[in-house]
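The block underneath contains the structure these notes are about, expressed in structure tokens.
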Amino acid sequence: MSQTRFIPACTLIGLLALAGCATPQSRVPTVDQNSTLNEAQKQREMVVEDFVSTNKRLQTVASKIIVNGAELCGDKVAPYFGIHTWNEDNFQQEWKRAVQAKYGLTGQIHIANVASGSVGDVAGLKAGDVIQSINGWLAPYGKDGPDKFSEKLKELGKSGKPVEFIIRRSGEEKKIAVSPTQACDFKVSLSADDGKNAYADGKNIVIHKGMMDFFRTDEEIALVVSHELAHNSMKHIDAQKKNAIIGGVFGLLLDVAAAAGGVNTNGNFTRMASNAGAGAFSVAFEQEADYVGLYFMAIAGYKIDDAPNFWRRMATSHSQSISMKTSHPTAPERFVALETAVKEIKDKIKNKQALKPEMKTSSKAK
Ligand SMILES: [Zn+2]
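Under the numbering used here, the residue at position 181 of the sequence shown is numbered 280, and the numbers go up by one with no gaps.
Right under this line is the structure:
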């Protein structure tokens, strides 16, 4: 199909005589600057609101996985309370007004979200609570306040005893004691990036907003979080001598794309593919993350049956750019391995066996 046929006549004429073509004919209303600024503010508030509700959804799923899967994380566990905090200094100037207006953020430590069902939730902490102190330690101010706070909270949680929060809610001070639980010690974060991607870097698990928008169910969120968690818990980054890894979810896609001889030239996918290509996990690591990840998911109580289909959907979501008619063995092999793992786990559940990945007896994962 030739594209030239569709060049609008105006464009051709325009090349010859720049004036007189495609000038608006109607008189559109004039806008004043204040209204424009207010509109921009309103839109920022909507963006923040969407981000906050998406993050709450992510953290609620992630919380179940890192708590229930603690045993699979070996020595990489830490006391966990199920809360995330923020303050206005975490935002650049133009966003500050939006979070102040929408969430009343100040320089103090505010609870951004409480994972549903977590110990913090059960104890009664709520998003919006302003933390005054924990066990008498005054909550810090400033940009790195939330990080300092979470370090201190972890430290206090090591005793295993309840930590006493003094919080302010609707002008009233409250005392809430929260008993910590153990969880895998990897921070799960939502990034504002629109790209459909997720990655693990040995310490963190980062899910892009674009990826969250792609998920249809909580099972799909659980699958990707579990897969990335497995990369971290199985120390894939250490094993690769701390290469800058931005591979994650796209290991599989890349296999398909590489086999098809490349990707199209427009938009996100090329950018993501080249990011991912810089340090993608090897196929063996991907398969191990699939395998161990399914265990994390099952232990947290998520249904694993649709896992292979989700990866298929990921791999084919760029169908214009990737030919699926590939002779490359990796992708099909991975699907078959996934289906075998699903069966292995379901058999164990049926036979009431412990949900532990099968390990090579002599050495750990290669
Ligand atoms: Zn991966």
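Using N, Cα and C, we set each Cβ at its ideal position, and we do this for glycine too.
Given the structure is predicted, the values throughout are model-derived calculations rather than measurements.
How far does the beta strand (DSSP E) with residue i in it extend, from its first residue to its last?
i: N303; result: N303 to H307
i: V213; result: I208 to V213
i: S232; result: V229 to I233
i: Y298; result: A297 to A299
Any idea what DSSP makes of residue i, helix, strand or coil?
i: T184; result: strand
i: P431; result: helix
i: Y529; result: This structure cannot settle anything about residue 529, because the visible part of the chain is limited to 100 through 465.
i: S288; result: strand
i: L353; result: Below a pLDDT of 50, predicted positions are generally treated as unreliable, and L353, at 40, falls in that range; no measurement from the model is reported.
i: E272; result: strand
i: I403; result: coil
i: V277; result: strand
i: L136; result: helix
i: A453; result: coil
i: D389; result: helix
i: V127; result: coil
i: L204; result: coil
i: F44; result: Nothing about residue 44 can be reported from this structure: the residues present for the chain run from 100 to 465 only.
i: T122; result: coil
i: T460; result: coil
i: K257; result: coil
i: R370; result: Confidence at R370 is low in this model, with a pLDDT of 39, below 50, so its placement is unreliable and the value that follows should be read with caution. Correct three-state label for R370: helix.
i: G294; result: coil
i: K242; result: coil
i: K247; result: helix
i: K163; result: helix
i: F190; result: coil
i: A169; result: helix
i: G376; result: Confidence at G376 is low in this model, with a pLDDT of 40, below 50, so the placement of that residue is unreliable and no value is reported for it.
i: I344; result: In this predicted model, I344 has a pLDDT of only 42, less than 50, meaning its place in the structure is not dependable; the value taken from the coordinates is given anyway. Reduced to three states, the DSSP call for I344 is coil.
i: K225; result: coil
i: K447; result: helix
Quick one: what's residue i bridged to in DSSP?
i: C283; result: V176
i: W236; result: I233
So the alpha helix (DSSP H) residue i belongs to, where does it begin and stop?
i: I266; result: Premise fails: I266 lies in the beta strand (DSSP E), V262 to R268, not in any alpha helix (DSSP H).
i: V218; result: V218 to A222
i: E319; result: D317 to S332
I'd like to confirm something about residue i: is its beta-carbon nearer than 7 Å to some heavy atom of ligand 2, or not?
i: A321; result: As presented, the structure is devoid of ligand 2, carrying ligand 1 as its sole ligands.
Contact the stretch 387-399 vs the stretch 316-329: 3+ CB pairs below 8 Å: yes
Contact between the stretch 272-279 and the stretch 299-310 (3+ Cβ pairs under 8 Å): no
At least 3 beta-carbon pairs within less than 8 Å: the stretch 211-229 vs the stretch 147-166: yes
Three-pair Cβ contact test at 8 Å for the stretch 128-138 versus the stretch 185-195: no
Segment contact, 8 Å Cβ cut-off, at least three pairs: the stretch 228-248 with the stretch 260-277: yes
The stretch 391-405 / the stretch 164-173 touching (three or more Cβ pairs under 8 Å): yes
Given 8 Å, three or more beta-carbon pairs between the stretch 284-296 and the stretch 232-247: no
Given 8 Å, three or more beta-carbon pairs between the stretch 402-412 and the stretch 314-324: yes
Touching by the beta-carbon criterion (3+ pairs, under 8 Å), the stretch 169-185 and the stretch 245-253: yes
Stretch pair the stretch 191-205 + the stretch 139-147: three plus CB contacts closer than 8 Å: yes
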